[in-house]
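Engineer: The structure under discussion is supplied below as structure tokens; questions concerning it will follow.
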Amino acid sequence: MSATMEPTSDLLGARGPLDQDWRKVINYGLLTALVLMFISLANMPVGLDSRKIIEPLLSMGYISLLWVPAALGYAVTSEKVLEGMVAHKKGARELVAGLIVGLIGGGGLGLLIVLIDNFDLRDPLVNWSPQLLALLTFDEGIGYGVGFWLMAGAALGLFGGAAHVVSATVRKVVAAAILWILAFSVFETVISDISEGIQLEWLADELYYVRGGLSQQGAVGVAVVGILFALFGREHVREAKQSFQSLEGEKRTRANAIMLGSCVVATIVLPMVLGRITNELLANVGLFVLLALGLNIVVGLAGILDLGYVAFFAVGGYTTAILTSSNRGESWPDWMPHTHWFVALIVVVVFAALSGLFIGAPVIRMRGDYLAIVTLGFGEIIRLLFLSDWLGGFTGGAQGVTNIPGVDLGFVEVKGTDPRAIFYLVAVFCAFAIYVSWRLEKSRIGRAWMAIREDESVAEAMGINTVNAKLLAFVVGAVLAAFSGAIFAAKVGSVFPTSFIILVSIVILVVVIVGGMGNIYGVIAGAAVLIGVLGGPKQPGLLAEFSEFKLLIYGALLIWMMLKRPEGLVPNVRRSRELHQEEFLQDAWLKGHVDTDDQDELGDEGGVAPA
Amino acid sequence: MSGERLLTIKNLSVTFGGLHALKDLNFHVDEGEIVSVIGPNGAGKTTFFNMISGMVTPTAGDIIFRGESLLGLDPNQVTARGIARTFQNVRLFANMTILENVMVAQHCRTKQGLWGSLFNTASFKKEEEEIREWGEHVLGFFGSRLIGYRLEQPASVLSYANRRRLEIARSMATKPTVILLDEPVAGMNPKETEELTGLIGKLRSEWGFTIVMIEHDMKVVRDVSDRVVVLDHGETIAQGSYEEVSTNPEVIEAYLGRPAEEAS
Amino acid sequence: MTTAMRHKAAQKTGVDQFLTFLRVVLSFFIITGLVMFVLQQINPDNPIAARINPDATGLTADQFEGLVISGLSQGAMYGLIALGYSMVYGVLGFINFAHGEVFMVGAMTGMIVSNKLDEAGAWESNFLLSLLFIIVVAIVCSTATAVIMERVAYRPLRGAPRLIPLITSIGVSFLIQNISVVLLGPGAKSYPTLPDWLADKRSILFFEIEGTKIMVLVVAAISMAGLWFLVERTKTGKAMRAVAEDKEIASLMGIDVNKTIVTTFAVGGAMAGVAGILWGILFRSVIHTTGFLPGIKAFSAAVVGGIGNLGGAMAGGLSLGSAESLAPLMVLEPWGIGGVSQLKDAVAFLVLIFVLLVRPTGLFGERLSSEDRA
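Chains as they are written, first to last, in this note's numbering: chain A, 1 to 611; chain B, 612 to 875; chain C, 876 to 1249.
This is the structure:
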């Protein structure tokens, strides 16, 4: 099915090096140039230069440029080979196309260098700066810079094109080396933290340079391990996975239990060996996992696009804050007690459910797109109300509510200064959310949600009270979000209206969609990758240098996912069937799963041979 | 074989933007009847079904089911009262499995909510089991076609005829009194049609359903109906047994147009 | 008993009852607020009104006039943006969430070009020509943004499930905002000062209006007239209406559907570009999030006016602008709500919700697409 098929003898012969789709090649080249110029002017090379990948050879800043010609040089000649189609043999044509794309791209950067040197456009374009020029020319003069990028572009384009030509093993080796180096560099904080926690400081010291970035011997080591794993280890992993999937009945249940158990153990043990910063990161990820699991019920299971989801996060946060803080708004009557966090939590559940009903009821009969905008409006109204002078006596207005105590468990107080404890607290609620999602999905309610997502009017005609079912999804999602808000308040110790901007809703939506709508693992993976690596709306991730660019990347990612892989990284089987209905049917047909009308009558025509 | 009066429709009218889709329609069904509604395309047959099932609100008239008016009820409430339907252009939940399609249709007959699902209570397990059993039971009505390994397959892989069958099974799963079948044999080959005709008879004789059916295939109409109602331009132009209706000059005119010599 | 009565009497769910309750409460809130406002205007010491809000000062005729005019001029801007929502909705049946960003691009372009003109001295010396120039440049940039957006993000998704293009458009909106951040910096940027003669108040009929607002209203009226001519009187407009009615049939009739959709985006983009310049003239400050709230409000305006209806979009914009400017003082303050000017944005959303609750088809009815009519 894919272009990675081993070249076999029944392929058509290689096409000549000049037998190109020139228009496409030029377009890709210009696109490369444009993307490179945009990335440069977006300040990525300069802004990310401080993040080293391999000290002192390579920084994230240069990586932000280098991947472009390689990726587009590869993409220009990649073609979808469908079942039954015969592919051409790869050869010089692919190399030439990649080379030209890279060359044009490099030319774009060269042009940018010349332009920066001769004109001053710093007025609108803030990054039109000498630093950019210095970085692009390596301080060696214009001619050197232009020459370097032309050559580098060509080389990288060629490298991209070559990926089509070389054998699968070579491709595997190179990809493994690159990926492992990148991964070890990105996860530097975590890895050195873990190795410290398990008394292996020497390993981290060998791998990493003092001020960040892999050391050269570390990079080589990582690459070798990666290559070895790709060549020999991966087969075993795949086999293990297959044998796990082929388990049935009792054995399967037991295997599942073991998996679950090890996940739980890992969740408990891992934070113990991790340091403060990494635990803080985990706690943030956990908060977003909780939020995303809630939104997943609303968007993923019931198919309601709720853009005002942050409102429930805010309700949870503010309710907890007002009930527990010693510094809440002055308009509250004296008799209102300062409660314990757990008491507040009960009120949070009630308030979240009520606000879910209150916001949900007017919108639930609206069509999907109207609903999205109106919920967005509600999210904004709630924030404006918290911010306003009118309710300022109760909510603290722009000053918010501060002095929120942590969660006093008797033996320990869970608060922001102890991220490990916060993480455990979040993990408990995430476990609860996972359990809720998992139970609901395969229950009568979950089936009703599925039916509504597929065809609302038919679901209604089949006896499902769609209004109630959708409201229930809304409320369950609201309560989970409010839990997250309650923990957030205890963690940060203060809540402000600015913590609950629409951006939060959008980021959670991106997490759910990138992870895979309707899939619990997908949502967790999405939160871990996006929030953990790039960071949340206000929280830094592992790549703290990216904070300037993460929203840009989120936006691009959302579009990319919708266009190329709407089912997300870890798809829900059903969702992906919905989104790829035709391909799925074609596939099923090829496998002979599609039944035909009355086979006895159609005789031998009836049984379509599996492909 | 007619029993108690089940469904009475009085002076039912609906207009879409000044256009009369149905005009002053009177209609009734007795328990255990099989009534066919026929008429040329655009006669308002599907609108008629949509109105009974609550998807379209009539502008005037009344629909009385077992002594209770259905006006103003949502489609799910109509289904809960015992009227199930199929759709002319088969509308299954294509990405749900075949079993899930019939399971979800029992929604209004079951009641386990949040509590039961979350804590997997004994009553929840029992109900799930019953839903499953009833689902397999109604699927079994079509022999081996929809059961066995098919249960876990998505509905979208089914052949056209099997989709129609599954849709009927889905309407049966709602435990109705009356089933509204919208062109049940459309697109089926003669053999399948013949088989399904037999099954429609069985729906009454073995399962006790009352059936109202829109159908174009006159052979099916003749074979199963107790009574035939002919609609044209939103009005009832004839009613009676198949023989009476098929010889009625007005009906022939509606289908074939007016004979040339009479047109002036 | 008539059918309608029976319909009302029939058993209704809790949600319906709640909605009815909401409708009644909201209507009561608005009407009572207005009545109290009027009572206060007649007699500031009116016992009923004073009991609820003793601090209410009421409005002088001048203040009222000022609010109406600024409401209308902002409303005209919303209306221009709303046209884009409405047209795209009419043709493709989805809400182009990113349309607000097209407007922002217009405002940004205007800012950049007008500052360059100011440096060169042309802004002072030849204001009207400069204005015309920045409008043209803004139209070009906004149109280009809208067209590229359609080509890259929406065209591949035609026929996808309904929510997919909507989610994509959220991504597009997010992306454009952040492209602006990384290229132009995150801070607010200002337009050069307008010439004094423009800011002066002039009397027209009974009103004293600032020149800027007259200009905004005039530009909006001219653009609207141009659009009306395009849609109602040209072949392109006819094609657009045909595609909105039924894409397949239109293509069978020999209309190039793709081209028509691109035209629709382009025209909507041009209107948003003009609106962007109007924003610049009115507020003289622009930031990457400029497009967000006006975008949502313009969508609300389109809904208020009846989505798919061009005249409705403009009327909706004007009503929403006025409501947003007047309601805080005329409805909220008489109720004793303090700091009402902060709630201006909330009012816009409340108007949207209220209209959808009371009259979901909008004030001027909806031109139903074939799908909804089914």
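Just so it is clear, CB atoms sit at the ideal spot from N, CA and C, and this is done for glycine as well.
How far does the alpha helix (DSSP H) with Arg383 (chain A) in it extend, from its first residue to its last?
Structural biologist: Indexing the first sequence from 1 puts residue 383 (chain A) at position 383. That run of the alpha helix (DSSP H) goes 368 to 387.
Engineer: I need the straight-line Cα distance from Pro7 (chain A) to Leu112 (chain A), nearest angstrom please.
Structural biologist: Position 7 of the first sequence holds residue 7 (chain A). Position 112 of the first sequence holds residue 112 (chain A). At Pro7 (chain A), the pLDDT of 45 sits below 50, so the modelled position is not reliable and the matter cannot be decided from this model.
Engineer: Nearer than 7 Å: is that true of the beta carbon of Gly153 (chain A) relative to any heavy atom of the ligand COA?
Structural biologist: What this structure holds is no ligand at all, so the ligand COA is not there to describe.
Engineer: Are the Cβ atoms of Gly453 (chain A) and Ser728 (chain B) separated by less than 8 Å?
Structural biologist: For this step, residue 453 (chain A) is matched to residue 453 along the first sequence. For this step, residue 728 (chain B) is matched to residue 117 along the second sequence. One point to set straight first is that residue 453 (chain A) is Arg, not Gly, in the sequence displayed. Contact: no.
Engineer: What is the C-beta distance between Thr788 (chain B) and Gly693 (chain B), in whole angstroms, given that I count them as a contact (C-beta under 8 Å)?
Structural biologist: Counting from one through the second sequence, the residue named residue 788 (chain B) turns up at place 177. Counting from one through the second sequence, the residue named residue 693 (chain B) turns up at place 82. Correct: roughly 4 Å between the Cβ atoms.
Engineer: Compare the beta carbon distance of Asp793 (chain B) and Thr668 (chain B) with 8 Å and say whether it is the shorter of the two.
Structural biologist: Position 182 of the second sequence, counting from 1, holds the residue named residue 793 (chain B). Position 57 of the second sequence, counting from 1, holds the residue named residue 668 (chain B). Not a contact, by the Cβ cut-off of 8 Å.
Engineer: Between Val608 (chain A) and chain B, is the shortest Cβ-Cβ distance under 8 Å, so that the two count as touching?
Structural biologist: In the first sequence, residue 608 (chain A) corresponds to position 608, counting from 1. Confidence in Val608 (chain A) is poor, its pLDDT being 39 and thus under 50, which makes the residue's placement unreliable; the coordinate value appears in the next sentence. Chain B, which has no Cβ nearer than 8 Å to the Cβ of Val608 (chain A), makes this no.
Engineer: Can you list, in chain order, the residues of its chain whose CB lies under 7 Å from that of Glu738 (chain B), leaving out five sequence neighbours each side?
Structural biologist: Numbered from 1 along the second sequence, position 127 holds the residue referred to as residue 738 (chain B). Once the five neighbours on either side are set aside, the close Cβ partners of Glu738 (chain B) are Thr721, Gln723.
Engineer: Is DSSP giving Gly851 (chain B) helix, strand or coil here?
Structural biologist: Working through the second sequence from its first residue, we reach residue 851 (chain B) at position 240. Residue state, collapsed to three classes: strand.
Engineer: Should the region 145 to 164 of chain A be regarded as contacting the region 202 to 212 of chain A, the criterion being three or more beta carbon pairs within less than 8 Å?
Structural biologist: No: fewer than three Cβ pairs fall under 8 Å.
Engineer: Give me the Cβ distance between Gly908 (chain C) and Met1205 (chain C), rounded to the nearest whole Å; I'm assuming they're in contact under 8 Å.
Structural biologist: Position 33 of the third sequence, counting from 1, holds the residue named residue 908 (chain C). Position 330 of the third sequence, counting from 1, holds the residue named residue 1205 (chain C). That belief holds up - the Cβ atoms of Gly908 (chain C) and Met1205 (chain C) are roughly 7 Å apart, short of 8 Å.
Engineer: Can the beta-carbon of Tyr370 (chain A) be found less than 8 Å from the beta-carbon of Leu1231 (chain C)?
Structural biologist: Residue numbering aside, residue 370 (chain A) sits at position 370 when the first sequence is read from its first letter. Residue numbering aside, residue 1231 (chain C) sits at position 356 when the third sequence is read from its first letter. Yes, they are a contact pair.
Engineer: Does chain C have any CB closer than 8 Å to the CB of Asp627 (chain A)?
Structural biologist: The displayed coordinates of chain A run from 1 to 611. Any statement about residue 627 (chain A) would go beyond what the structure contains.
Engineer: What residues are listed by DSSP as bridge partners for Asn327 (chain A)?
Structural biologist: By 1-based counting over the first sequence, the position of residue 327 (chain A) is 327. Its beta-bridge partners are A:Thr402.
Engineer: Give me the Cα-Cα distance between Met880 (chain C) and Leu791 (chain B), rounded to the nearest whole angstrom.
Structural biologist: Residue numbering aside, residue 880 (chain C) sits at position 5 when the third sequence is read from its first letter. Residue numbering aside, residue 791 (chain B) sits at position 180 when the second sequence is read from its first letter. Unreliable positioning characterises Met880 (chain C) in this predicted model, as indicated by a pLDDT of 42, which lies under 50. A coordinate reading is not provided.
Engineer: Look at the Cβ atom of Leu1058 (chain C), then the Cβ atom of Thr1043 (chain C), and state whether they are nearer than 8 Å.
Structural biologist: Along the third sequence, read from residue 1 onward, the residue named residue 1058 (chain C) stands at position 183. Along the third sequence, read from residue 1 onward, the residue named residue 1043 (chain C) stands at position 168. Their beta carbons are not under 8 Å apart, which means Leu1058 (chain C) does not touch Thr1043 (chain C) by this criterion.
Engineer: Going by beta carbon distance, what residues of the same chain come within less than 7 Å of Glu601 (chain A), once the five residues before and after it are set aside?
Structural biologist: Within the first sequence, numbered from 1, the residue matching residue 601 (chain A) stands at position 601. With a pLDDT of only 42 at Glu601 (chain A), under 50, the local geometry of the prediction cannot be trusted, and the value read off the model is given with reservation. Cβ within range, chain order: n/a, list empty.
Engineer: In chain order, what residues of the same chain lie with their CB nearer than 6 Å to the CB of Asp1075 (chain C), ignoring the 5 residues before and after it?
Structural biologist: Translated into the one-based positions of the third sequence, residue 1075 (chain C) becomes position 200. The residues are Gly1086.
Engineer: Is the Cβ of Asp685 (chain B) closer than 8 Å to any Cβ of chain A?
Structural biologist: Mapped onto the second sequence, residue 685 (chain B) falls at position 74. So, interface residue.
Engineer: Would you mind sorting Asn971 (chain C) into buried or exposed? The rule is 16 or more other CB atoms within 10 Å of its CB.
Structural biologist: Here the question's residue 971 (chain C) lines up with position 96 in the third sequence. When all chains shown are included, Asn971 (chain C) counts as buried.
Engineer: DSSP three-state label for Gly606 (chain A), please.
Structural biologist: The residue labelled residue 606 (chain A) in the question sits at position 606 within the first sequence. With a pLDDT of 38 at Gly606 (chain A), under the threshold of 50, the modelled position of this residue cannot be trusted; read the value that follows with caution. Coil at Gly606 (chain A), not helix or strand.
Engineer: In whole angstroms, give me the CA-to-CA distance for Val174 (chain A) and Gly532 (chain A).
Structural biologist: As a first step, residue 174 (chain A) is located in the first sequence; it is residue number 174 there, counting from the start. As a first step, residue 532 (chain A) is located in the first sequence; it is residue number 532 there, counting from the start. Cα to Cα, the separation comes out at about 26 Å.
Engineer: For Gly1192 (chain C) versus Ala982 (chain C), is the C-beta distance shorter than 8 Å?
Structural biologist: Taking the first residue of the third sequence as 1, we reach residue 1192 (chain C) at position 317. Taking the first residue of the third sequence as 1, we reach residue 982 (chain C) at position 107. No; because the gap between Cβ atoms is not below 8 Å, this pair is not in contact.
Engineer: Could you pull out every residue in the same chain whose Cβ sits closer than 6 Å to the Cβ of Ala433 (chain A), ignoring the five residues on either side in sequence?
Structural biologist: Translated into the one-based positions of the first sequence, residue 433 (chain A) becomes position 433. Excluding sequence neighbours, Ala433 (chain A) sits near Leu290, Leu293, Leu480.
Engineer: Taking only runs of the alpha helix (DSSP H) that begin and end inside the region 228 to 256 of chain A, which ones reach a length of at least 4 residues, in chain order?
Structural biologist: Counting only runs of 4 or more, we get 234 to 246.
Engineer: Just the chain A side, please: which residues come within less than 9 Å of His748 (chain B) by C-beta, in chain order?
Structural biologist: Numbered from its first residue, the second sequence carries residue 748 (chain B) at position 137. Here the premise fails: no neighbours, minimum Cβ distance about 17 Å.
Engineer: Taking Val299 (chain A) as the reference, which of A:Ile26, A:Lys24, A:Glu567 has the closest Cα?
Structural biologist: Here the question's residue 299 (chain A) lines up with position 299 in the first sequence. Residue A:Glu567 is the option with its Cα nearest to Val299 (chain A).
Engineer: In chain order, what residues of the same chain lie with their CB nearer than 6 Å to the CB of Ile863 (chain B), ignoring the 5 residues before and after it?
Structural biologist: Position 252 of the second sequence holds residue 863 (chain B). Correct list: empty, nothing qualifies.
Engineer: Skipping 5 residues on each side, what residues in its chain have a beta carbon closer than 7 Å to that of Ala1188 (chain C)?
Structural biologist: Translated into the one-based positions of the third sequence, residue 1188 (chain C) becomes position 313. Around Ala1188 (chain C): Gly954, Ala957, Leu958, Ser961, Ala1176, Ala1177, Gly1180.
Engineer: Under 8 Å between the Cβ atoms of Ile508 (chain A) and Phe288 (chain A)?
Structural biologist: Position 508 of the first sequence holds residue 508 (chain A). Position 288 of the first sequence holds residue 288 (chain A). Contact: yes.
Engineer: Scan the region 1170 to 1201 of chain C for residues whose Cβ lies nearer than 7 Å to a Cβ of chain A and list them as they occur along the chain.
Structural biologist: Result list: Ile1171, Phe1174.
Engineer: For Glu79 (chain A), go through chain C and note every residue whose CB falls closer than 8 Å to its CB, in chain order.
Structural biologist: For the purposes of this step, residue 79 (chain A) is taken as the residue at position 79 of the first sequence. The premise fails here: Glu79 (chain A) is roughly 17 Å from chain C at the closest Cβ pair, so nothing lies under 8 Å.
Engineer: Measuring alpha carbon to alpha carbon, tell me which of A:Gly145, A:Asp139, A:Leu228 ends up nearest Ala176 (chain A).
Structural biologist: Residue mapping note: residue 176 (chain A) aligns to position 176 of the first sequence, counting from 1. For Ala176 (chain A), the nearest C-alpha among the options comes from A:Leu228.
Engineer: Counting only Cβ pairs nearer than 8 Å, list the residues of chain A close to Leu1059 (chain C).
Structural biologist: As a working mapping, residue 1059 (chain C) is identified with position 184 in the third sequence. By Cβ distance, chain A contributes Pro124, Leu125, Val126.
Engineer: Whole angstroms are fine: how far does the CA of Leu179 (chain A) sit from the CA of Gln216 (chain A)?
Structural biologist: Numbered from 1 along the first sequence, position 216 holds the residue referred to as residue 216 (chain A). Numbered from 1 along the first sequence, position 179 holds the residue referred to as residue 179 (chain A). Those two C-alpha atoms are separated by around 16 Å.
Engineer: My guess is that Ile657 (chain A) and Trp128 (chain A) are in contact by the Cβ rule of under 8 Å, so how many angstroms apart are they, rounded?
Structural biologist: Nothing in the structure corresponds to residue 657 (chain A), since chain A is present only between 1 and 611.
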